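Notes follow once the structure below has been shown.
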Amino acid sequence: MSSSLRRGTLAAAVIAFSIASLAACGAGSDAQTLEVKPDNAATSVGVVKVQNALVITQPDVKATGPAVISATLFNNGTTDQTLDSISVEGEGSAQITPAEGKGKLTVPAGGSVVIGGEGNASAALSSPSQTVLNGSVQKVTFSFSETGDVSLSAFVVPAESYFSKWGPSDIPSAPATSSAPATSPSESATGSPSASESASGEPGTTESSSATATASASAGQ
Numbered sequence: 188m189s190s191s192l193r194r195g196t197l198a199a200a201v202i203a204f205s206i207a208s209l210a211a212c213g214a215g216s217d218a219q220t221l222e223v224k225p226d227n228a229a230t231s232v233g234v235v236k237v238q239n240a241l242v243i244t245q246p247d248v249k250a251t252g253p254a255v256i257s258a259t260l261f262n263n264g265t266t267d268q269t270l271d272s273i274s275v276e277g278e279g280s281a282q283i284t285p286a287e288g289k290g291k292l293t294v295p296a297g298g299s300v301v302i303g304g305e306g307n308a309s310a311a312l313s314s315p316s317q318t319v320l321n322g323s324v325q326k327v328t329f330s331f332s333e334t335g336d337v338s339l340s341a342f343v344v345p346a347e348s349y350f351s352k353w354g355p356s357d358i359p360s361a362p363a364t365s366s367a368p369a370t371s372p373s374e375s376a377t378g379s380p381s382a383s384e385s386a387s388g389e390p391g392t393t394e395s396s397s398a399t400a401t402a403s404a405s406a407g408q
């Protein structure tokens, strides 16, 4: 067998062994590939990077409360930038609130800012429409003072499980219901005292007095 033929045979054997190994890794309920999860939306424009962008809705699909945008913003530039707006296509702009609670949200030079979660800045859509469905993808645009618009497609997820700590802080509670039975008109009428009862304090007093007066008049004649 020539040396070139031997090298070809060896290369084919190596490829076959590699394919078999990969197939073994992907088999079974504990396959390594099952541990791989897709990253959340991320993109970069100039010195700005937006990472882990999500739109997080109420945990109850029937709730009508706000939805929030969660993301991490990086500024790799040498000057601070402010985040002027966050908009969701078809839904308008979100209400941005810095962690300090007032002023503009600033992404420092060489630093980062987290939006969403306790103690962090927040961005809320007060009245999202029915198009913001769990599992859908929405175009979200972050507008910076220097870089301008940075857009990406973000997944919509409910504030459940891992996402509960990043979701809306304003979660409507179920409306209270009264457990006391309603009183029907017939019950109200039956339970009310009659005119004779109210006047004399005893039922039938007026009728008895009338009968006695009539009997006395007849006897006198």
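Residue numbers (our numbering): 188 to 408.
Ideal Cβ positions, reconstructed from N, Cα and C, are used throughout, including at glycine.
None of the values given here were measured: they were computed from a predicted structure.
- Leaving out the 5 sequence neighbours to the left and right, which residues in its chain are closer than 6 Å to Leu-292 when beta-carbon positions are compared? As a working mapping, residue 292 is identified with position 105 in the sequence shown. Taken in chain order, the residues that qualify are Leu-270, Ile-283, Pro-285 and Ala-308.
- Message: Between Ser-316, Val-327, Ser-280 and Ser-332, which has its C-alpha nearest Val-294's C-alpha?
- Response: Within the sequence shown, the letter at position 107 stands for residue 294. Among Ser-316, Val-327, Ser-280 and Ser-332, the Cα nearest to that of Val-294 is on Ser-332.
- Query: Between the beta-carbon of Ser-231 and the beta-carbon of Asn-262, is there less than 9 Å?
  - Reply: One-based indexing of the sequence shown puts residue 231 at position 44. One-based indexing of the sequence shown puts residue 262 at position 75. No, the pair does not count as a contact, with Cβ atoms beyond the cut-off.
- Task: With DSSP as the reference, label Ala-398 as helix, strand or coil.
- Result: Residue 398 sits at position 211 when you count from the first residue of the sequence shown. The predicted position of Ala-398 is uncertain, since its pLDDT is 42 and thus under 50; a value taken from the coordinates is nonetheless stated next. Helix at Ala-398.
- Is it true that the CB of Ile-256 sits closer than 9 Å to the CB of Ala-311? Taking the sequence shown and counting its residues from 1, the one referred to as residue 311 is at position 124. Taking the sequence shown and counting its residues from 1, the one referred to as residue 256 is at position 69. Taking 9 Å as the Cβ cut-off, Ala-311 and Ile-256 qualify as a contacting pair.
- Task: Determine the DSSP secondary structure at Lys-352, reduced to helix, strand or coil.
- Result: Taking the sequence shown and counting its residues from 1, the one referred to as residue 352 is at position 165. Note: Lys-352 maps to helix in three-state DSSP.
- Message: Our contact map puts Gly-322 next to Val-301 with C-beta atoms below 8 Å; I'd like the distance itself, whole angstroms only.
- Response: Counted from its first residue, the sequence shown places residue 322 at position 135. Counted from its first residue, the sequence shown places residue 301 at position 114. Wrong, their Cβ atoms sit about 24 Å apart, outside the cutoff.
- Task: Could you round the C-beta distance between Val-327 and Ala-240 to whole angstroms and report it? I think they count as a contact, below 8 Å.
- Result: For the purposes of this step, residue 327 is taken as the residue at position 140 of the sequence shown. For the purposes of this step, residue 240 is taken as the residue at position 53 of the sequence shown. Yes, they are in contact, since the Cβ atoms of Val-327 and Ala-240 sit about 6 Å apart, within 8 Å.
- Task: Could you have a look at Lys-249 and say whether DSSP puts it in helix, strand or coil?
- Result: Indexing the sequence shown from 1 puts residue 249 at position 62. In this structure, Lys-249 counts as coil in the three-state DSSP scheme.
- Measure the C-alpha to C-alpha separation of Ser-280 and Ser-348 and round it to an integer number of angstroms. The residue given as residue 280 occupies position 93 in the sequence shown. The residue given as residue 348 occupies position 161 in the sequence shown. Those two C-alpha atoms are separated by around 27 Å.
- Query: Could you check where the beta strand (DSSP E) with Thr-328 kicks off and where it finishes?
  - Reply: Position 141 of the sequence shown, counting from 1, holds the residue named residue 328. Counting along the chain, the beta strand (DSSP E) containing Thr-328 begins and ends at 324-331.
- Query: Who are the near neighbours of Gly-429 in its chain, counting only those whose CB is closer than 8 Å to its CB and skipping five residues on each side?
  - Reply: What is shown of the chain runs 188 to 408, which leaves residue 429 out entirely.
- Count the other CB atoms, across all protein chains shown, that sit within 10 Å of the CB of Val-248; report buried if there are 16 or more and exposed otherwise. Here residue 248 corresponds to residue number 61 of the sequence shown, with the count starting at 1. Burial call: exposed.
- Round the Cβ separation of Pro-345 and Thr-244 to the nearest angstrom and send it over; I've been treating them as touching at under 8 Å. For the purposes of this step, residue 345 is identified with residue 158 of the sequence shown, where counting begins at 1. For the purposes of this step, residue 244 is identified with residue 57 of the sequence shown, where counting begins at 1. With 8 Å as the limit, Pro-345 and Thr-244 qualify as a contact, their Cβ atoms being about 5 Å apart.
- Give, in chain order, every unbroken run of the beta strand (DSSP E) that is at least 3 residues long and sits entirely within the segment 265-342. 268-275, 282-284, 292-294, 298-302, 309-312 and 324-331
- Query: Nearest-angstrom Cα distance between Ala-341 and Val-242?
  - Reply: Sequence index remark: in the sequence shown, residue 341 carries index 154 (1-based). Sequence index remark: in the sequence shown, residue 242 carries index 55 (1-based). Distance between the alpha carbons of Ala-341 and Val-242 is about 7 Å.
- Message: If contacts are defined as beta-carbon pairs under 8 Å, then Ile-320 and Ala-228 qualify, I think. What distance do you get, rounded to the angstrom?
- Response: The sequence position of residue 320 within the sequence shown is 133, counting from 1. The sequence position of residue 228 within the sequence shown is 41, counting from 1. For clarity, residue 320 is Leu in the given sequence; the question names Ile instead. Not a contact, Cβ separation roughly 16 Å.
- Message: Report the CB separation of Thr-318 from Gly-252 in whole angstroms; it is logged as a contact under 8 Å.
- Response: In the sequence shown, residue 318 corresponds to position 131, counting from 1. In the sequence shown, residue 252 corresponds to position 65, counting from 1. Thr-318 to Gly-252, Cβ: 16 Å. No contact.
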